[in-house]
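Below is one structure, written out as structure tokens, with a few remarks after it.
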Amino acid sequence: MNKFDRYKEILFSTLSEITSLIIAGNDRKMIFQKLLDCSLIVLEAERVYLLELDGDRIVKYSKSSASGPGADISIEKISETTGLRDWMLREGADVRRFRRGGELAFDLPYLTTRYLGDSEPGRVIISAPLVAKKSMFGLLLAMHREDGGLYASEDIHLITILANQAAIAMENAILYQKLEQDAITDGLTNVYNYRFLMSSLESEIKRARRFKQVFSFVMLDVDNLKDYNDRLGHLSGSQALKEIAEIIRTTCRDIDLVSKYGGDEFGILLPQTSLSGAKKVTRRVLDAIRKHAFDGRTLGLLTASAGTACFPKDGSTAKQIISSADKALYQAKRSGKDAVCTTENLVLDPTD
Numbered sequence: 595m596n597k598f599d600r601y602k603e604i605l606f607s608t609l610s611e612i613t614s615l616i617i618a619g620n621d622r623k624m625i626f627q628k629l630l631d632c633s634l635i636v637l638e639a640e641r642v643y644l645l646e647l648d649g650d651r652i653v654k655y656s657k658s659s660a661s662g663p664g665a666d667i668s669i670e671k672i673s674e675t676t677g678l679r680d681w682m683l684r685e686g687a688d689v690r691r692f693r694r695g696g697e698l699a700f701d702l703p704y705l706t707t708r709y710l711g712d713s714e715p716g717r718v719i720i721s722a723p724l725v726a727k728k729s730m731f732g733l734l735l736a737m738h739r740e741d742g743g744l745y746a747s748e749d750i751h752l753i754t755i756l757a758n759q760a761a762i763a764m765e766n767a768i769l770y771q772k773l774e775q776d777a778i779t780d781g782l783t784n785v786y787n788y789r790f791l792m793s794s795l796e797s798e799i800k801r802a803r804r805f806k807q808v809f810s811f812v813m814l815d816v817d818n819l820k821d822y823n824d825r826l827g828h829l830s831g832s833q834a835l836k837e838i839a840e841i842i843r844t845t846c847r848d849i850d851l852v853s854k855y856g857g858d859e860f861g862i863l864l865p866q867t868s869l870s871g872a873k874k875v876t877r878r879v880l881d882a883i884r885k886h887a888f889d890g891r892t893l894g895l896l897t898a899s900a901g902t903a904c905f906p907k908d909g910s911t912a913k914q915i916i917s918s919a920d921k922a923l924y925q926a927k928r929s930g931k932d933a934v935c936t937t938e939n940l941v942l943d944p945t946d
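Those letters in the sequence shown? Residues 595 to 946, per the numbering used here, in order.
Put into structure tokens, the structure is as follows:
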């Protein structure tokens with residue numbers, strides 16, 4: 595058996611393992627670990643890189659032959675500021691063999707020097723795009739054959755198979771993440787749904803008990819949404835709910851959890867926040883809603899009212915916390931709407 599046939603055996607054995615990992619729903623790091631280990635062997639490379647397009651960023655996975663097959667891959671997130679992503683989409687769509695500064699020169703601006711840490715001229719590099727269903731997910735590169743030779747047509751065949759498998763792994767990971775996200779997201783407003791809110795409340799109660807901390811919960815209800823729907827139509831009402839969800843999300847902190855609770859109600863979980871702190875946050879949210887021009891029309895067409903409750907003062911279970919916030923919300927509605935009420939003057943029903 596010649597060397598190329600032996601490498602093909604290693605390659606297809608690895609691909610079988612990767613396929614099993616994909617089916618089992620394993621994370622991409624484990625999959626890329628196998629793929630880069632295999633790439634080092636079959637391409638006889640000193641170092642291999644997988645550059646993943648991730649929105650406006652690039653995630654660089656790399657592995658050196660010197661680190662050994664069991665060593666972890668290196669992962670670095672690169673903020674896209676120099677056009678590397680555009681270059682990859684424009685120039686990286688074909689399998690390439692090239693040598694920096696040599697006859698096979700191919701311009702890789704800033705790629706090998708700035709991002710791959712290679713400053714030596716004459717490096718031999720082979721690259722292949724990660725493409726699945728006409729979408730480009732990234733680039734696989736192998737640098738500098740260990741024997742110092744050029745990459746041959748057989749190597750192009752091998753790196754193409756590896757790149758295709760990496761693309762499939764990325765595509766499946768993205769699909770799996772989307773399915774997971776859809777399961778916990780409200781389809782209309784794109785904030786979390788009721789089921790995820792309840793699960794998060796239970797988790798936050800356990801965390802707050804363990805670390806002896808407080809948290810607050812806000813129940814927010816859109817005022818006069820029915821009248822708004824009657825005047826402008828239900829499509830406008832649905833659009834208004836989307837905009838209100840975005841207003842809440844952008845007004846709150848990154849650690850806060852915004853969810854759709856019911857038809858025109860939202861639940862906001864504020865970790866490590868006292869009742870007075872929750873009231874301030876909620877007031878900012880209500881002010882932003884009142885000042886927003888819904889449907890491109892005049893201000894003040896829609897407002898919101900809210901009730902806040904705090905753990906552990908206002909309840910020790912998710913049901914009790916929600917009930918307390920709901921009672922405060924009812925009082926805010928009775929007080930004239932566009933208002934926030936806390937539980938400070940409310941009495942909990944001991945049966946809740």
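C-beta: ideal position from N, C-alpha, C; glycine also.
C-beta contact flag for residue i and residue j at 8 Å
i       : j       : result
Ala-922 : Ala-903 : yes
Leu-645 : Ile-652 : yes
Val-808 : Ile-842 : no
Ile-799 : Ala-872 : no
Ala-839 : Thr-783 : yes
Tyr-822 : Leu-769 : no
Pro-723 : Ala-757 : yes
Asp-815 : Ser-868 : no
Val-812 : Ala-882 : no
Ala-639 : His-751 : no
Leu-647 : Met-730 : yes
Residues that residue i bridges to, as DSSP identifies them
i       : result
Cys-904 : Ser-810
Arg-804 : Bridge partners of Arg-804: none, in fact.
Ile-732 : The sequence shown places Gly at residue 732, not Ile. Paired residue(s): Glu-646, Leu-724.
Glu-859 : Asp-815
Cys-935 : Gly-901
Own chain residues within Cβ distance below 8 Å of residue i, not counting five before or after
i       : result
Tyr-924 : Gly-901
Lys-628 : Thr-608, Glu-611, Ile-612, Leu-615
Whole-number beta carbon distance between residue j and residue i, since they are thought to touch under 8 Å
i       : j       : result
Ser-794 : Leu-864 : Not a contact, Cβ separation roughly 12 Å.
Asp-858 : Leu-835 : 7 Å
Asp-889 : Gln-833 : 7 Å
Leu-605 : Ile-755 : 6 Å
Ile-719 : Leu-734 : The pair is not a contact, with the Cβ atoms about 11 Å apart (cut-off 8 Å).
Bounding residues of the alpha helix (DSSP H) (the contiguous stretch that carries residue i)
i       : result
Ile-635 : 622–636
Tyr-542 : With the chain running from 595 to 946 in the structure shown, residue 542 is simply not present.
Val-875 : 869–884
Ser-918 : 912–928
Own chain residues within Cβ distance below 7 Å of residue i, not counting five before or after
i       : result
Ile-625 : Ile-612, Leu-615, Ile-616, Ala-763
Own chain, CB closer than 6 Å to residue i, minus 5 neighbours either side, in chain order
i       : result
Lys-671 : Arg-651, Val-653
Glu-669 : Looking at the sequence itself, residue 669 is Ile, so the reference to Glu does not match. If we look at Ile-669 and ignore the five residues flanking it on each side, its Cβ neighbours are Tyr-655.
Cys-935 : Gly-901, Ala-922, Gln-925, Ala-926
Gly-909 : Ile-915, Ser-918
Range of the contiguous beta strand (DSSP E) that encloses residue i
i       : result
Leu-752 : Unbroken run through Leu-752 is the alpha helix (DSSP H), 747–778; no beta strand (DSSP E).
Tyr-655 : 651–658
Ile-672 : 668–673
Pro-663 : No beta strand (DSSP E) contains Pro-663, which DSSP labels as neither H nor E.
Gly-909 : Neither: Gly-909 is in no beta strand (DSSP E) and is coded neither H nor E.
Lys-854 : 851–854
Minimum Cβ-Cβ distance from residue i to chain B less than 8 Å
i       : result
Asp-908 : Absent from the structure is chain B; it holds one protein chain and no more.
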